[in-house]
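Notes for the one structure printed next.
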Amino acid sequence: MAPKRLGLIVNPVAGLGGRVGLKGSDGPEIQRRALALGAVPRAGERAAAALKPLRPLAGAFDLLAAPGAMGESIARQAGFAPRVLPATGPAAGGVTGPEDTRAAARAMQQAGADLVLFAGGDGTARDVCDAVGTGLTVLGVPAGVKIHSAAYAVSPAAAGRLAAAYLEGDRALRREAEVIDLDEDAYRRGRIATVLHGYLMVPYRRGAVQNQKVPTPAGEEAQARAVAAEVVDRLVPGRAYLLGPGTTTRAVAARLGLPKTLVGVDVVTGGELLAADVAERDVLALLDRRPLGLILSPIGGQGFLLGRGNQQITPEVIRRVERAHLLVACPSAKLAALRGHPLLVDTGDQQVDALLAGYLEVITGYRDTAMYRVAAGGEGDENLEAS
């Protein structure tokens, strides 16, 4: 029997704008701005983390890779000897763009790949969808800023474990996963406009593959205000707080009488806005001068606290914020919609993820709280059923 074929496509600029607060990486101008602000490409690291669980199976499958930084170099660094598919996109050997991703996906399909791992964000998922639709089984390795689509694993390690199971014959369940993308220009202006772009066929295991982001229903606004009232009552006088993105944290800002960057991170103390729409380096500079608390709200439908859309709150930042000053705000209906699934963290640093794992108090209303489990992305997914 011929060995299985696993494909690897990496969008090398995915996630570039996250830590520097640019809320995306689509387009050459944003990529240039991100690099000028000191951004470091990290998609390759995320792809390498996905390949790690596959290393013991290296002799049991053929690895197909897009050329250069789009897969080949990462595969070789991870100890694989990939078969490199010829570049057919317009930027072969140079700066990559969407057409290179689409060309790589079509090449994987023509080469008979049984499964393709692609590392990127929602824009990358959209490009893969444009190229192959549901005609090829794929799985996203989360590496972008915006990762709202349901085609992604909850972490790179979870992607690798699920790919290994799939290649070993666990093909009991595949499903069509929604590809969701945002208008990045609207996103940067603080308006969330989601569009269903299409579907991809993915292997599925409960706990290993994320759900799509679910917008906050209008009926939850009153609950968010109640949560905000409790959060504000708990703020330590004189302490500054990082206020993460989202509609629940916007309600906290409103309670303080302050504006809020809906899809960014702000710094507040009492009734004062210290800094708006900060990047990692801004936060680290503040931490050098004063201690900070952190107020987060999970993404609706997905449950992510960290690692999705708030990459400015980096592992180094989290290490310097005392856990006692971490407030998690989530209306009870939003928490119940997770149906018992844990809240998730996927910071890219296993030690930091482990520090955050366990049970946290979640503020669910005024004078209402719940102890809820927080897990590293994909923690224990191999023990969960495929349904």
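For the working numbering, add 22 to where a residue sits in the sequence shown, where the first one is 1.
Note that beta-carbon positions come from the ideal geometry of N, C-alpha and C, so glycine has one too.
Mapping DSSP to helix, strand and coil, what is residue i?
i      : result
ARG303 : helix
ALA251 : helix
GLY182 : helix
VAL350 : strand
GLY162 : strand
LEU295 : strand
GLU200 : strand
GLU338 : helix
ALA398 : strand
THR216 : strand
PRO20  : As displayed, the chain neither begins before 23 nor continues past 409, which places residue 20 out of reach and without an answer.
ARG256 : helix
TYR226 : coil
PRO112 : Because PRO112 carries a pLDDT of 48, less than 50, the predicted location of this residue cannot be relied on, and no value is offered for it.
LYS235 : coil
ILE52  : helix
ARG345 : helix
THR269 : helix
ILE385 : strand
GLY191 : coil
Between the Cα of residue i and the Cα atoms of the options, which residue gives the shortest distance?
i      : options                        : result
ILE335 : ALA358, ARG261, ASP304         : ASP304
PRO63  : ALA91, HIS219, SER319          : ALA91
VAL117 : LEU158, GLU51, ALA82, HIS170   : GLU51
GLY182 : ALA100, GLY166, GLU243, ALA250 : ALA100
ILE96  : ASP255, ALA82, ALA71, PRO120   : ALA71
SER153 : VAL163, ASP122, ALA187         : A small fix is needed here, since residue 153 is Ala in this sequence, not Ser. Cα-wise, what sits closest to ALA153 is ASP122.
PHE140 : GLY93, GLY325, VAL285, ASN233  : GLY93
GLU344 : ALA359, ARG54, ALA58, LEU309   : LEU309
TYR226 : LEU218, VAL254, LEU195, VAL35  : LEU195
Assuming residue i contacts residue j under a Cβ cut-off of 8 Å, what Cβ separation, rounded to an integer in Å, is found between them?
i      : j      : result
LEU30  : LEU79  : That belief does not hold up - the Cβ atoms of LEU30 and LEU79 are roughly 14 Å apart, past 8 Å.
VAL374 : GLY399 : Not really, about 12 Å apart at Cβ, beyond 8 Å.
LEU265 : VAL258 : Not really, about 14 Å apart at Cβ, beyond 8 Å.
LEU295 : LEU280 : 5 Å
LEU204 : ASP288 : So it is not a contact: roughly 20 Å between Cβ atoms.
Start and end of the beta strand (DSSP E) containing residue i?
i      : result
ASP288 : 288-291
ILE31  : 26-32
VAL367 : 365-367
Given this structure, state the Cα-to-Cα distance separating residue i from residue j, to the nearest angstrom.
i      : j      : result
LYS356 : ARG247 : 13 Å
GLN245 : LEU76  : 44 Å
ALA126 : THR159 : 14 Å
GLY66  : THR146 : 14 Å
GLY191 : GLY166 : 29 Å
GLY322 : LEU38  : 24 Å
On the DSSP letters alone, give me the boundaries of the alpha helix (DSSP H) that residue i sits inside.
i      : result
MET130 : 120-132
VAL167 : No alpha helix (DSSP H) holds VAL167; DSSP gives it neither H nor E.
GLU67  : 65-73
LEU278 : LEU278 -> no alpha helix (DSSP H), and no H or E assigned at all.
LEU17  : Residue numbering for the chain in the displayed model covers 23 to 409; residue 17 lies beyond these limits and cannot be assessed.
ASP144 : 144-154
ILE317 : Premise fails: ILE317 lies in the beta strand (DSSP E), 314-318, not in any alpha helix (DSSP H).
ALA87  : ALA87 -> not in any alpha helix (DSSP H); beta strand (DSSP E) instead, spanning 83-87.
GLN333 : Neither: GLN333 is in no alpha helix (DSSP H) and is coded neither H nor E.
GLN324 : That residue, GLN324, is in no alpha helix (DSSP H); it is neither H nor E in DSSP.
Nearer than 7 Å: is that true of the beta carbon of residue i relative to any heavy atom of the ligand GDP?
i      : result
VAL106 : Ligands are entirely absent from the displayed structure, and the ligand GDP is therefore not among its contents.
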